Amino acid sequence: MSINTDQETAPIATPRNGSAANVFRSFGSLFGGANNDNNSVVTRSSSGDGYVEFGMQDPERNGRTLGTFAGVFSPVALSMFSALIFIRVGYIVGNAGLYITLLQFIIAYAILIFTVASVCAISTNGAIEGGGVYFMISRTLGLEFGGSIGTLFFFANVVGSAMAISGCTEGIMNDFGPESSFGVSVLPGGPWWSFLVSSLINTCMLLVCLVGAALFAKTSVIILGTVIICLFATYISFLAKGETNDTIPDARNATGFLNYTGLSAQTLRDNLGSHYGVDYTSNSKPVDFSTTFGVLFSGVTGIMAGANMSGELKSPSKSIPWGTLSAVAFTFVSYIILSFLMSCTTPFATMQNNYLFLMPINLWPPFTAIGILTATFSTGLSNLIGSSRILEALSKDQVFGSLLNFVLSGTWKGNPIAAVVVSWCLVECVLLIGSFNIIAQINSVLFMLSYLATNLACLGIELTGAPNFRPLFKYFTWHTCLVGLLGTLIMMFVINPIYASSCIILCLILVIALHLFSPATQAAQWGSISQALMFHQVRKYLLMLDPRKDHVKFWRPQILLLVSSPRSCCPLVDFVNDMKKSGLYIIGHVKLGDFRAVEDPEENQKWWSFLDHMRVKAFTEVTLSRSIREGVQHLIRLSGIGAMKPNTIILGFYDNEAPKDFFQNGSSPYKTDDFNNGDIQSFPIRRDGEPKHFQVQEYVQILCDTLRMKKNLCLCRNFQRLDKNFISISKHVKFIDVWPINIFNPTSGDPFDMVSLFMMQLAVIMLAKWKHLRVRIFLCETNEERTVGTFETQAPQMEIFSKMKLEQSLKELRINADIIEIQEWSRDTDFSRLARTVKQYTAQADETLLSDDDDEASEDKLNRSLLYMQRANQIIRQRSDQTALSFIYLAAPPKLSVPDFNERSANYVELLTELTAELPPTILVHGVSTVTSTTL
142 MSINTDQETA PIATPRNGSA ANVFRSFGSL FGGANNDNNS VVTRSSSGDG YVEFGMQDPE
202 RNGRTLGTFA GVFSPVALSM FSALIFIRVG YIVGNAGLYI TLLQFIIAYA ILIFTVASVC
262 AISTNGAIEG GGVYFMISRT LGLEFGGSIG TLFFFANVVG SAMAISGCTE GIMNDFGPES
322 SFGVSVLPGG PWWSFLVSSL INTCMLLVCL VGAALFAKTS VIILGTVIIC LFATYISFLA
382 KGETNDTIPD ARNATGFLNY TGLSAQTLRD NLGSHYGVDY TSNSKPVDFS TTFGVLFSGV
442 TGIMAGANMS GELKSPSKSI PWGTLSAVAF TFVSYIILSF LMSCTTPFAT MQNNYLFLMP
502 INLWPPFTAI GILTATFSTG LSNLIGSSRI LEALSKDQVF GSLLNFVLSG TWKGNPIAAV
562 VVSWCLVECV LLIGSFNIIA QINSVLFMLS YLATNLACLG IELTGAPNFR PLFKYFTWHT
622 CLVGLLGTLI MMFVINPIYA SSCIILCLIL VIALHLFSPA TQAAQWGSIS QALMFHQVRK
682 YLLMLDPRKD HVKFWRPQIL LLVSSPRSCC PLVDFVNDMK KSGLYIIGHV KLGDFRAVED
742 PEENQKWWSF LDHMRVKAFT EVTLSRSIRE GVQHLIRLSG IGAMKPNTII LGFYDNEAPK
802 DFFQNGSSPY KTDDFNNGDI QSFPIRRDGE PKHFQVQEYV QILCDTLRMK KNLCLCRNFQ
862 RLDKNFISIS KHVKFIDVWP INIFNPTSGD PFDMVSLFMM QLAVIMLAKW KHLRVRIFLC
922 ETNEERTVGT FETQAPQMEI FSKMKLEQSL KELRINADII EIQEWSRDTD FSRLARTVKQ
982 YTAQADETLL SDDDDEASED KLNRSLLYMQ RANQIIRQRS DQTALSFIYL AAPPKLSVPD
1042 FNERSANYVE LLTELTAELP PTILVHGVST VTSTTL
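First residue of the sequence shown: 142, per the working numbering; consecutive thereafter.
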């Protein structure tokens, strides 16, 4: 393996993405040291055999200054508290009961734990750049899945921002609305007033994103501290009041009041079971397990925040697992304590009818108000910033081509203004839903789909056994990935089957659209786990595919097409792609030279580009050899793998016609300039007047070698005339012709020998592609029996017997074809006499015939043989006016062992040239294996 020491460097984009902590860039000054703007560097070493990335640099020198607390714990904890902690835990406990609530938290956090294991595995296998989940999935699963999941993750952040704003609006309306907890009623009630308040909050967030996002990032740790203080104040309030008999306002009834018992064993017993009621914020919609779980899970969707900071952490392999797991544990304990205290102090009816009951029971109610406003505003803002950064990442990666170019052009001083405005508009649309609980369910489903894809990515790359997957986080297996994947998939449908199905269908539509329309260059740069999985499965099934178990019933053509230059054989390449019948298709090429010559590193890329241009399902094999014959032997013997080896070799015809350049021909459907680089052309062709690369004797030797290696042989001529589009629309072209007679050795023997059956099989395969055509089989009777004298009267009976046998055999083979009788061989005496002459110039199995030539008659016999071939060609041409394709019996070439092989091989090709002159696209066929079966 050659090593190229040239190196290039590329900056890793600073993480700027989407959960609540996507804006935590400057925490180092408070908890992890100063954070500078130096970009980390990836060193790339390229070689002819592989591509290696080295990502180990000095953390301090490359901006990796964040510690575990500031870089991981803080963003994850604040994201997982969000709006749930103060607004909706009571809603869940009041409806589901303590037991079900604890079960739901266990389910949710179990899914999170398994997903965290996958996140840690992927994130410690390389630095994570901007985009978070989108970056991990796109660089692991590939462009199609990564782009589609990234798009849905963008919408998840948009919905998450709208959910946080909706929660913030609830808090504001409760504080300053008609039923103000502080007695300050300055805002009217009603859904449109709530929407107006939400829009104002969203607009404030927009202004912060446009002006002061960096300033907000520096205060995020302080916001987390504020939320924790408010949360502990709530705990203290539950315990300090003890057992009491207070009342709080009823949110559903302006004049009503609800009980608050304080610490009470009876209240705890009443709250153990479920008491599902209705949701007064969404038109009294009934509440059940799925709605409460959907709201619960929406509040704990911040586990990606730490992984998003991988590029700025001093020690990602340590900080991401410990920081994320500790934040998950901290929030889990906080939620469990809060749920238990609510169950012990607050009747379920109170929790069902006033979701903000924590405010009036707090020792100092502004604690709860501050907690609600800070938690929801910071979460909403971080999700808005995160969604804009994901949209920016999608635009930079050109996932949707030029559709998102306006995002890049709308960037000012590194701030994606256009992406922020687009995200703001979408948040406004989501806010029209109005209900926090409905938005929360949509948010949960979208985030679950992202987590499902993350688990899928980790599961896939683990199952492939890729050597480069060596994450520093070791506490995961494919079992944890599978459990996390199944858990998220099941709970998506538990929350809301309609939302889950819609998201999955939208994801699949995006996958298909990206597969069809996205640029292939990105997929090649990122790599795709689908390639690794396919390699893993293909290798397994190739080992299971045993060539000893082959059966003729399941035979299909596995073709090696030998080409001199792709420029001159485009119609043939396209035609063979149709004839392969889902079999193996290899395009082979021999380059003359030796291994001391410098090989073009772009050679393989050019051939793959040619396959893409032709849109054929094929492989390419290019070999370097001192002679064409030796190179062809290499290709025939070594092409394919295991049981997937070529059984049919197809060559072009050896003639003196100048090749046609289909890449440059103006009327050609294959015209392209992709293979022209100025004056240099890829795949050069032989120009008119230039000598061939090899002689006719070597060509015939290649034919002999092919048959000696027990491969079916096809020679294709006149395919420069093939026009598939014309054939498909023309009403004049009607037939595929099969000539099962060995024109070199005409006889009235069995027309269903091995060669003829192979020709018919190929004709039927093409009939499946050109369904409007019919197959014609020409039955050619000879007068060989009449020359015996005594048996002249048996000739008519032989004709009847042959036609009946042909019809019966076609019926047994399930071939629908028209039988056309040809009488020239039996009724034209001069023609029959010429036919007997040509036998002496054909390659037969009986080698004694080949050595009986005497020199004095050889030239006369050759001339007579040429006359015979011209007459046979005339017979075929007269019946080919409406023919799309002809299959003609190819006689075996002269044996290599005959003394005058050079002369005979030249005569052999000359006779074939006369036979096929001016015919439609023609395939000369010689089969050596059984390809049809009449049994089940």
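Ideal Cβ placement from N, Cα and C applies to all residues, glycine included.
On a predicted model such as this, the values are computed, not experimentally measured, just so you know.
Please name the residue in the options whose C-alpha comes closest to that of residue i.
i       : options                             : result
Leu404  : Phe398, Ser425 and Ser378           : Ser378
Pro254  : Ala490, Met304, Leu572 and Leu623   : Pro is not the amino acid found at residue 254; the sequence shown has Ile there. With distances taken between Cα atoms, Ile254 lies closest to Leu623.
Ile653  : Ser564, Ser307 and Val540           : Val540
Thr621  : Ile252, Ser220, Ala1032 and Gln1019 : Ile252
Thr813  : Thr442, Asn609, Val300 and Cys711   : Cys711
Asp429  : Thr388, Gly235 and Glu311           : Gly235
Thr433  : Thr242, Asn886, Ala1025 and Lys732  : Thr242
Val693  : Tyr726, Asn788, Val704 and Val571   : Asn788
Phe876  : Thr847, Asp1022, Leu733 and Phe803  : Asp1022
Trp749  : Asp741, Thr761 and Pro742           : Thr761
Val1072 : Leu954, Leu1026 and Ala1032         : Leu954
Arg828  : Leu544, Ser709, Leu535 and Ala1013  : Ser709
Leu1003 : Tyr1049, Gly464, Met589 and Leu351  : Tyr1049
Gly238  : Ile290, Leu372 and Gly414           : Gly414
For residue i, does the count of other Cβ atoms within 10 angstroms reach 16, so buried, or fall short, so exposed?
i      : result
Ala984 : At Ala984 the pLDDT is 43, less than 50, meaning the model places this residue with poor confidence; the figure from the coordinates comes in the next sentence. With 16 or more Cβ atoms within 10 Å of its Cβ, Ala984 is classed as buried.
Met633 : buried
Cys857 : buried
Pro332 : exposed
Lys852 : buried
Ser808 : exposed
Gly383 : exposed
Ile247 : exposed
Pro608 : exposed
Leu497 : buried
Pro329 : exposed
Val874 : buried
Glu285 : buried
Ala559 : buried
Please work out which residues of its chain come closer than 8 Å, Cβ to Cβ, to residue i, disregarding the five sequence neighbours upstream and downstream, and give them in chain order.
i      : result
Lys944 : Leu920, Ile960 and Glu962
Gly440 : Met221, Phe222, Ser223, Ala224, Leu225, Ile226, Arg229 and Ala581
Ile670 : Thr281, Leu282, Gly283, Ala598, Gly601, Ile602 and Thr605
Which same chain residues end up closer than 6 Å to residue i when comparing Cβ atoms and leaving out the 5 residues on each side of it in sequence?
i       : result
Phe893  : Ser950
Phe614  : Cys261, Ala262, Thr265 and Pro462
Thr931  : Any answer about Thr931 is weak, because its pLDDT of 31 lies below 50 and its placement is not dependable; what the coordinates show is given next. Around Thr931: no qualifying Cβ.
Ala129  : Given a span of 142 to 1077 for the chain in the structure shown, any question on residue 129 remains unanswerable.
Thr1057 : Arg858 and Thr1063
Tyr192  : The predicted model places Tyr192 with a pLDDT of 36, which falls under 50 and marks its position as unreliable, so this point remains unresolved.
Could you pull the start and end residues of the alpha helix (DSSP H) that residue i belongs to?
i      : result
Asp745 : Reading off the sequence, residue 745 comes out as Asn, not Asp. Taken as a continuous stretch (DSSP letters only), the alpha helix (DSSP H) holding Asn745 covers Glu744 to Met755.
Gly521 : Pro507 to Lys537
Leu219 : Ser215 to Phe222
His656 : Pro638 to Phe658
Cys261 : Val230 to Ser264
Asn853 : Taken as a continuous stretch (DSSP letters only), Asn853 belongs to no alpha helix (DSSP H), being part of the beta strand (DSSP E) at Asn853 to Arg858.
Val837 : Val837 to Arg849
Leu908 : Met895 to Lys910
Can you tell me where the beta strand (DSSP E) holding residue i begins and where it ends?
i       : result
His677  : Where His677 is concerned, there is no enclosing beta strand (DSSP E), although the alpha helix (DSSP H) it sits in stretches over Ile670 to Met685.
Lys732  : Tyr726 to Leu733
Ala1025 : Thr1024 to Tyr1030
Asp387  : Glu384 to Pro390
Using a Cβ-Cβ cutoff of less than 7 Å, which residues in the same chain neighbour residue i once the five nearest sequence positions on both sides are dropped?
i       : result
Pro881  : Pro892, Ser897, Met900, Ile918 and Tyr1030
Leu1053 : Leu1065
Thr310  : Ser335, Val338, Ser339 and Ile342
Gly772  : Val731, Thr764 and Ser766
Ala249  : Leu437, Phe438 and Val441
Indicate whether the contact test is met: 3 or more Cβ pairs, each with one atom in the segment 682-697 and one in the segment 1052-1067, closer than 8 Å. They do not touch, by the three-pair rule.
Using a Cβ distance threshold of 8 Å, determine whether the segment 835-852 contacts the segment 788-798, with at least three qualifying pairs required. The segment 835-852 vs the segment 788-798: in contact.
Count the C-beta pairs between the segment 492-512 and the segment 294-302 that are closer than 8 Å, then say yes if the count reaches three, no if not. no
Is it the case that the segment 716-732 contacts the segment 697-704, given that we only count it when at least three CB pairs across the two stretches are under 8 Å? Taking a cut-off of 8 Å for Cβ pairs, the segment 697-704 and the segment 716-732 touch, as three or more such pairs fall below it.
Is the segment 634-645 touching the segment 555-570 in the sense that three or more CB pairs, one from each, lie closer than 8 Å? no
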